[in-house]
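Visitor:
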Amino acid sequence: MWFSLSFLIVLITSSFTSTFSTPHSYADILLSQLLRGKSRLSSRATIGRSFVPIAPGRQLLQITNYIIRAQIGTPPQSLLLAIDTSNDAAWIPCTACVGCPSNSPSFTPSRSTSFRTVSCGSSQCSQVLNPLCPTGQTSCAFNMTYGSSSLQAGLVQDSFTLASDVVTSYTFGCLRQVSGNSVPPQGLLGLGRGPLSFLSQTKALYGSVFSYCLPSFRSVNFTGTLRLGPKGQPQKIKTTPLLTNPRRPSLYYVNMVGIRVGSYVLPIPASAFTFDPNTGGGTIIDAGTMFTMLVGPAYTAVRDEFRRRVRVPIASPLGGFDTCYNTTITAPTISFIFGGGITVTLPQENILIHSSFGSITCLAMAASPATGVNSVLNVIASMQQQNHRVLFDIPNSRVGFAREPCTA
């Protein structure tokens, strides 16, 4: 999640509560089935270097993020972590955390023989954002915001297991205090490009290469996949150059050059897509934001052409969505055009969101904030990526896209 856009996620989540929320008993059943399926998950790790199942978090945890199963400590403790490509340091709720959900599993450091704190004088402490090392304190801590929440965590190290791979002395945040309700209840794994991200800490193991296929956000199963390492990645996938913005170095920037609705390439000014290292402007790929955001001129052009082609009266806005309908519609395709001659065309399932509340259907995109640093940023978000293989190849500076159904 790129933090300043959390207002939309909060609005959308609250607006669709009746559709997205699941009785806790059902979630508990699914969670117990997942934990009993350890051997099944491990057996799938033989495909590629490491092959980790992904599921939407709305059924198990009532969150908009996608989740994976990880194990932390010695002996291992199992948690369901949200994945986020715009964050770096992982963080998880630890026992005695103030403000963390009391009805959700947390990590107990005292039960792990490999747990240790990170000192204020360490290189890792200097790499974390907003480190806290007041006079007389030897252990590193840090503050940060996530969505509408703020958190404080101690910087620690322990073993970290995904599928069959064990990463020793993995550095992450052990949550001490949380305010707000946008923090994933069992923690988050940062897949960004910063020094404390999972990608950076496992560079020797995975070579800074990974890909994922996100299943439909309505799915209840772990049918998506996170592939780590160059082995097992698609060889003929179409790619576009990966860009690095020194103003926001953790983000995965790409060069989007146009948007098409149906067969019509929209007359959007080039400035709406310009990659600008000075302002942080451009386009990013993000698995931590649920709905795509487009800067003002780009979104207005998409919305207006979408409405023109649908030709059905507009209903009242719902949450952060301003193009909604009280009846079933047939949506035109929307295509993102990237540098390098690659076009990603979205099917209807990646364009429309449906609510059982009044049988409302909405265009699942919105405008970027009108002001602030994110006003110049386009975000290609998780709903628009679902059922696609998205490849991040850092050594070769490329991002790839290929249609890949991964929803059971």
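So the sequence shown is numbered by the working numbering: it starts at 1 and just counts up by one. Note that beta-carbon positions come from the ideal geometry of N, C-alpha and C, so glycine has one too.
Taking just the CA atoms, how far does ALA163 sit from GLY340?
Guide: 34 angstroms
Visitor: How many angstroms separate the CA atom of ASP88 from the CA atom of PRO313?
Guide: A direct Cα-Cα distance of roughly 43 angstroms separates ASP88 from PRO313.
Visitor: Does DSSP put THR85 in a helix, in a strand, or in coil?
Guide: coil
Visitor: Considering GLY400, what are the terminal residues of the beta strand (DSSP E) in which it resides?
Guide: 398-403
Visitor: Rounded to the nearest angstrom, what separates MET365 and HIS388 at their Cα positions?
Guide: The alpha-carbon atoms of MET365 and HIS388 are separated by roughly 18 angstroms.
Visitor: Please identify the residue among TYR299, THR64, PRO405, ILE360 whose C-alpha is closest to the C-alpha of THR327.
Guide: ILE360
Visitor: Is the beta carbon of ILE92 closer than 8 angstroms to that of ILE72?
Guide: Yes, the pair counts as a contact, with Cβ atoms nearer than the cut-off.
Visitor: Measuring CB to CB, does LEU251 end up less than 8 angstroms from SER110?
Guide: no
Visitor: Would you mind reading off the limits of the alpha helix (DSSP H) that contains MET383?
Guide: 382-385
Visitor: Compare the beta carbon distance of LEU196 and PHE210 with 8 angstroms and say whether it is the shorter of the two.
Guide: no
Visitor: What's the C-alpha gap between THR240 and ASP393?
Guide: 11 angstroms
Visitor: So SER409 and THR289 are supposed to be a Cβ contact under 8 angstroms. How far apart are they, rounded?
Guide: Lying outside 1 to 408, the shown extent of the chain, residue 409 is not represented and no answer is given.
Visitor: With respect to the beta strand (DSSP E) encompassing ALA364, which residues constitute its N-terminal and C-terminal limits?
Guide: Careful: ALA364 lies outside any beta strand (DSSP E) and carries neither H nor E.
Visitor: Would ASN396 be called buried (16 or more neighbouring beta carbons within 10 Å of its own) or exposed?
Guide: Exposed is the call here.
Visitor: Assuming LEU377 contacts GLY280 (C-beta within less than 8 angstroms), just tell me the rounded distance between them.
Guide: 6 angstroms
Visitor: DSSP beta-bridge partners for ASN245?
Guide: For ASN245, which the question treats as bridged, DSSP gives no partner whatsoever.
Visitor: Can you give me the C-alpha to C-alpha distance between PRO75 and THR113, rounded to a whole angstrom?
Guide: 8 angstroms
Visitor: How do the stretch 265-280 and the stretch 342-358 stand: do at least 3 beta-carbon pairs fall below 8 angstroms, yes or no?
Guide: Fewer than three beta-carbon pairs drawn from the stretch 265-280 and the stretch 342-358 are found closer than 8 angstroms, and the two stretches are therefore not classed as touching.
Visitor: Per DSSP, which residues does THR223 bridge with? Please list them.
Guide: DSSP output for THR223 lists no bridge partner at all.
Visitor: Could you compute how far the alpha carbon of LEU175 sits from the alpha carbon of GLY154?
Guide: 7 angstroms
Visitor: Whose C-alpha, out of ASN221, GLN137, ARG193, is nearest the C-alpha of PRO246?
Guide: Closest by alpha carbon: ARG193.
Visitor: Across which residues does DSSP place PHE142 in a beta bridge pair?
Guide: PRO131, ALA153
Visitor: So SER139 packs on GLN157, CB below 8 angstroms; how close in whole Å?
Guide: The Cβ separation is near 11 angstroms, so there is no contact.
Visitor: Exposed or buried, what is ASP304 when buried is set at 16 or more other beta-carbons lying within 10 Å of its beta-carbon?
Guide: exposed
Visitor: Could you give the distance in angstroms between the alpha-carbon of LEU60 and the alpha-carbon of PHE222?
Guide: In this structure, the CA atom of LEU60 is about 11 angstroms from the CA atom of PHE222.
Visitor: For SER126, does the count of other Cβ atoms within 10 angstroms reach 16, so buried, or fall short, so exposed?
Guide: exposed
Visitor: Nearest by alpha-carbon distance to ALA82: which of ARG311, ALA287, SER149 is it?
Guide: ALA287
Visitor: Just to confirm, are PHE336 and ILE259 a CB contact at a threshold of 8 angstroms?
Guide: yes
Visitor: Could you have a look at THR300 and say whether DSSP puts it in helix, strand or coil?
Guide: Residue state, collapsed to three classes: helix.
Visitor: Less than 6 angstroms between C-beta atoms, sequence neighbours within five positions excluded: which residues of the same chain meet that for ILE334?
Guide: VAL261, LEU346, ILE351
Visitor: Using the Cα positions of MET293 and ARG116, report the straight-line distance between them to the nearest angstrom.
Guide: MET293 and ARG116: Cα-Cα distance of roughly 40 angstroms.
Visitor: Where does LEU31 fall in DSSP's three states?
Guide: Here the model assigns LEU31 a pLDDT of 36, short of 50, so the residue's position is not dependable and the matter cannot be decided.
Visitor: Given a threshold of 16 other Cβ atoms within 10 Å of its Cβ, counted over all protein chains shown, does THR161 qualify as buried or as exposed?
Guide: buried
Visitor: From the DSSP output, in three-state form, read off THR22 for me.
Guide: Confidence at THR22 is low in this model, with a pLDDT of 32, below 50, so its placement is unreliable and no value can be given for it.
Visitor: From what residue to what residue does the alpha helix (DSSP H) around GLY57 run?
Guide: 57-60
Visitor: Can you give me the C-alpha to C-alpha distance between ASN255 and ARG398, rounded to a whole angstrom?
Guide: 11 angstroms
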